[in-house]
Structures are given as structure tokens and as C-alpha cells.
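Just below is one structure, and these are the notes that go with it.
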Amino acid sequence: MPDIKDEKLAVKGKQRIEWAEKHMPVLRLIKERFEKEKPLKGLRIGCCLHVTTETANLMRTLKAGGAEVKLCASNPLSTQDDVAAALVKEYGIDVYAITGESNEVYYKHINSVLDSKPQITMDDGADLVSTIHSKRKECLEGMIAGTEETTTGVIRFKAMERDKVLKYPIIAVNDATTKFMFDNRYGTGQSTLDGIIRATNILLAGKNLVVAGYGWCGRGFALKAKGMGANITVTEVDHLKALEARMDGFIVKKMNDACKQADLIVTLTGDINVIDKQHFELMKPECLIANSGHFNVEINIAELEKMKKSKRKVRDFVEEYVLQDDKKIYLLGEGRLINLAAAEGHPADVMDMSFANQALSAEYIVKSKGKLENKVYVVPEDIDKNIAKLKLAAMGIEIDSLTEEQKKYLASWETGT
Ligand code: ADE
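Residue numbers are given in this note's numbering: position 367 of the sequence shown equals residue 1325, and the series is strictly consecutive.
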């Protein structure tokens, strides 16, 4: 039995899913082909993804391909309850997800998906696979392979591969270029701003904004925030990325220094305690802090709780912490990924490519059954390149191709010097 908030929300959910579908032309093409060819016929797929309008369209695509799909949330705060309702009532897909669910219910829902004995897992943050490897080892029997959507999950899987404990193959969808160069950069860039603005309604122009982490997500966010007039300081631990941030025109500092002037600090690192006790102490009064990394570990909330004199909710998604010296600090979205907690996540236009990679990776897993080792694999290059081609075509953009003369020139070492 599915477990959702309210079936009556299905009509609204369906409308929103259809709106997202309009902006997902590549996934639509795949769905049409899957309907005819049924490449996933009879296959059980267990998914742990953010329950959004975009994910709903991925679920419909997998079902069109003949799969039996079960879905739970990959974060307790990101579920769109109307989408969950529509998936169950309108599209016949079992969903176990309720926004704001407790940690206990979150894992109960993961276990409900695993009860269906999936043959493919689709994770966003590795919680399905981690649960299988630690508590539900019986699910390993009959498992073919899995996919992983996000950087944090891929890091976990690579650590498992290194320690030789990974028990089935994983396709790192995150590492496809048509995923990370667009979803992580433009998707996180825009949706993080969207979440912060919806939560606070602040003007970014003229604000001192500290961006912690200059990976693809940090880069994208800094770029968009710069466009809105924020004064940006980047903090990094990697010399190359710090150099890149500097040459992209940003100030680079240590967090200890950067936090003293910050009006807003946003973490996008994938690591723990990036904002810690000493930073709360050094921060300027009234500083806003938010996280857009996968897990709610980047801000040391336990420490903030210990340091507080009082706490109150001042707006949806905004908690005011008053510290012992009466300094106020504002935590957004409980330190959970702000783009999905306070907004709707990445726009459909960019999830189109991410989820095209997911759907085609599921098909690839079926075709490669028995041939993959217990390792982390990249999405095959032909899939990745084809998605870029289809996306450009859907956008009505034509590009040049090499002439025979140019091909010959590029292939030779004798001519043209
Ligand atoms: N991750 C980030 N944005 C998302 C979205 N709109 N749907 C599913 N997963 C996401």
C-alpha cells in the first residue's frame, strides 16, 4: 500500500507534472520509444529520489518501458505531496513519501521500496544501496545494478568500491557530462537562489554572499548570484578550484575571515561542519545561513543548538537563533538542501537531461546484464553525447559538422603545420 499525504491533491499534482513534461523533450522522446519497445519489461525498479514533478515524469517513462516502479523520497523535506498523490492515483505508481516525514518514517519508506525486491535501484544520495548493504542484504539476490543521481552518492559508492564492499554495479549518472555540467551548475545555481528568495524575500543586490565550495554547484550558484548583484566571496579547500574562483572574478578567503562580513552564507561542498562553532562565534549579527548540499551536515546545527539562548520560527523556512551574547543568526530550511526544501528543485528543462541519463542507464543495465563488475561505471559516452544532440535539436539549434577535409586534417600529423 502506498503511503502519501492526501490522495485529493492528485488533480493539482497531475497538472504540474504535465507542465514539467512540456519542458522535458528528451525524456518525452525516450518515453515514446519505451512505449513501443518495452526495454524494461517485467523489471522491478526501486527508486529513492526527490518526489518532484520532474521525477514523476521519469517514473512514467520507466513504467512506459514496462517496468514495475516503486518510489520513496531521498530527503524528508523535498516531497511534493500533490505529485506523490498524482503518481498513485493518476499513474498507478506506488509512492512512499510524505513531506516533513520523521527520520523513522523516512527509513520505513525506504524499506517499503526494498520489500518489492528491486532488480535495479535508482538512488539520489545512496540511501537505498546503503540500506541494502547494511540491513537488507537479502535484497542483493537478483539485483542487477543501480544508478546514482548525485555527487554525494557517487562519492559514497567510490569509497565502497575502494574498500571492496560494493556488492553490485552502479552507474554514476551524476558523472555524465550532460548531467553535471548542466544540472549541477545551472540547475543548482538557479534553484538555490530560488529557494533562498522564496524563504526570505531578500534582495541579493549589494549583499555580501559567501559561497562555500566551488565545484559545479558552487560555480553555478556564484555565477547566478553575481548576476543579481551580490558581492561574492568563495571559500575552498582545493587550490585549483580556489584559483579558478579568483580568476572568475570572486574574492577567495578562509571561512574564518569570510564569515565576519557575510550577510548570507551558503554551503555547497558535500562535506561536514563547513560552518562550525567558531564561525557562529565570528559571524556578523543577523547573518543568514543556508545549505544546498545533499545532506544536512554542512552546517553544524547540533553546535548551534548548544550555543543558543533561544530559538523561534520567524517565517516559513526561517529559524531565528539568539546566541548567548544576543547575536541573532538565521538558519534557512533546517539546514537541508534549500533548493528542494523551500523551492521546487531544479527546473524541468535541466532535469530533462539528468533523467534522460537515468532512463537510458536503466536500459543499458538491462542490455549489459551479467557483464558489469561490482564497480562504479560512467554512463557510456554514446548515451551522453546523444542526449546533448537530442537536447540541442529540441531547442531548435543546429550546429556545423566537420568537412571531409577537416576530418582528414585532424586525423593527420603530417599536414598543416
Ligand atoms: N534534484 C534537484 N532538483 C530536482 C528535481 N526538480 N527533481 C528531482 N531531483 C532533483
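Yeah, the Cβ is synthetic: ideal placement off N, Cα and C, and Gly gets one too.
> So what does DSSP say about R1002, is it helix, strand or coil?
Replying inline: strand
>> Closer than 7 Å to a non-hydrogen atom of the ligand ADE - does that hold for the CB of H1008?
In response: yes
>> the ligand ADE and L1226: does the residue's C-beta get closer than 7 Å to at least one heavy atom of that ligand?
In response: no
> Taking DSSP as the reference, what is the three-state secondary structure of V1063?
Replying inline: helix
>> Does the structure place the stretch 960-972 close enough to the stretch 1044-1056 that three or more beta carbon pairs sit under 8 Å?
In response: yes
>> Quick check: what's the CA-CA separation for I1209 versus L1167?
In response: 11 Å
> With 16 as the cutoff for other CB atoms within 10 Å, does R1270 come out buried or exposed?
Replying inline: exposed
> Looking only at its own chain, which residues have a Cβ that is under 7 Å from the Cβ of K1182, when we skip the five neighbours before and after it?
Replying inline: G1147, Q1148 and L1151
> What is the C-beta distance between L1240 and N1214, in whole angstroms, given that I count them as a contact (C-beta under 8 Å)?
Replying inline: 6 Å
>> Along the chain, where does the alpha helix (DSSP H) containing I1257 start, and where does it finish?
In response: Per DSSP, I1257 belongs to no alpha helix (DSSP H) and is neither H nor E.
>> In the DSSP assignment, the beta strand (DSSP E) including G1104 goes from what residue to what residue?
In response: A1103 to E1106
>> Classify E990: buried if its beta carbon has 16 or more other beta carbons within 10 angstroms, exposed otherwise.
In response: exposed
>> Measuring straight from C-alpha to C-alpha, what distance separates Q1364 and T1373?
In response: 11 Å
>> With a threshold of 8 Å on Cβ separation, who are the neighbours of T1110 within its own chain once the five nearest residues in sequence on each side are excluded?
In response: G1083, A1084, G1228, G1251, H1252 and F1253
>> So, under 8 Å CB-CB, T1019 and R974 are touching, yes? Tell me the CB distance rounded to an integer number of Å.
In response: About 17 Å; that fails the 8 Å criterion.
> Going along the chain, which unbroken runs of the beta strand (DSSP E) with 3 or more residues stay wholly within the stretch 1213-1288?
Replying inline: 1222-1225, 1245-1249, 1266-1273 and 1276-1281
> Does the beta-carbon of L1201 have 16 or more other beta-carbons within 10 angstroms, so that it is buried, or is it exposed?
Replying inline: exposed
> Is it right to say H1304 is buried, meaning 16 or more other beta carbons lie within 10 angstroms of its own, or is it exposed?
Replying inline: buried
> Using CA coordinates, which residue listed in S1268, G1171, K996 and A1103 is at the minimum distance from L1081?
Replying inline: According to the sequence shown, residue 1081 is Asp rather than Leu. That would be A1103, whose Cα lies nearest to the Cα of D1081.
> What residues in its chain sit with their C-beta under 6 Å from that of D1342, if we drop five residues either side in the sequence?
Replying inline: A1134, T1135 and T1136
> Relative to the C-alpha of V984, which residue among G1000, I962, L1016 and D964 is closest?
Replying inline: L1016
> Apart from the five residues just before and just after A1014, which ones in its own chain have a Cβ nearer than 6 Å to its Cβ?
Replying inline: I975, V1041 and L1045
> Can you pull the DSSP bridge partners for K933?
Replying inline: Only positions 959 to 1375 of the chain appear in the structure, and residue 933 is not among them; the question remains open.
>> Please determine whether the Cβ atom of D1081 lies at a distance below 7 Å from any heavy atom of the ligand MN.
In response: The ligand MN is not among the ligands present in this structure, which contains only the ligand ADE.
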